[in-house]
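Going by numbering that gives the first Met the number 0, the first residue of the sequence shown is number 0, and it counts up by one from there.
Below is one structure, written out as structure tokens; comments come after it.
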Amino acid sequence: MKVWKHFKTITYHKWLVLRGCFAIGLYRQGILHDLSKYSPTEFIVGACYYQGNRSPNNAERERKGYSTAWMHHKGRNKHHYEYWIDYSLQGGPGGMAPAPMPRKYIAEMVIDRIAACKVYLGDAYTDASPLAYYQMGRDPAPMHEFTRKNLEKLLKMLAEKGEQDTFAYMKNIFLQSHSDTRKNKIQ
């Protein structure tokens, strides 16, 4: 039974992200989003630790101290800021340094967070939920400043102006900006 419920959960999440990505013109990303969740490495763990109200990766992490499914997932999906962490040649914290995410993956990350909150919160979801979840993080994430500022701006916009206005902004302004991550300009 857990296998079927997990399949339905990840497929519903994927459907919500596909709709969001299509709404802002990220068709390829919408189609390819989270395909690794159907791989044996992620799917089997997800089904074993399925609870329905939160990520199975957290349950695996609680039991083992780490999540094999998450480590597999973050290394294959560019919409996670953890994908963009590299070694530092300047002796940063732990020898690691975050790289700036391209705008299209920041936009997908926002949509991914919206979809995850909708899946796990159900009727309790509001447009402020993704921002609240982000702010609950225990420690500041090792995220590049360009990525952090844009993520926070979009999550705050979602909380204040709603999904329709935020998606319109992402499609018509954020993704159309010619100031890219190399210039580190916040749009």
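Note that the Cβ used here is the ideal one computed from N, Cα and C, for glycine as well.
- The beta carbon of I84 lies closer than 8 Å to those of M95, A96, P97, A98 and P141 in the same chain, with the five residues before and after it left out.
- DSSP lists A96 as the bridge partner or partners of D85.
- Contact check for P129 against I113 passes: the beta carbons are separated by less than 8 Å.
- In the three-state reduction of the DSSP assignment, Q175 falls in the coil class, being assigned neither a helical nor a strand state.
- With respect to the 8 Å criterion, H71 and E41 are classified as neighbours on the basis of their beta carbons.
- Y124 and Q89 have their C-alpha atoms spaced approximately 42 Å apart.
- Nearest to R102 by alpha-carbon distance, out of I23, R60, L15 and K4, is I23.
- Comparing alpha carbon positions, the residue from R62, K155 and L120 closest to A127 is K155.
- Our two residues, K36 and A58, have alpha carbons roughly 16 Å apart in a direct line.
- Ranking M135, S87, L174 and E162 by CA distance to the CA of H143 puts S87 first.
- Classified as exposed, Y11 has fewer than 16 neighbouring CB atoms from the shown chains inside 10 Å of its CB.
- When secondary structure is reduced to three states using DSSP, T165 falls in the helix class.
- Beta-carbon to beta-carbon, Y82 and K73 are separated by about 6 Å, close enough to satisfy the 8 Å threshold.
- The alpha helix (DSSP H) runs of length 4 or more contained entirely in the segment 106-152 are, from start to end of the chain, 128-134.
- With contacts defined by Cβ atoms closer than 8 Å, N56 and A46 do not form a contacting pair.
- Between H32 and K7, the C-beta gap is not smaller than 8 Å, which leaves the two residues out of contact.
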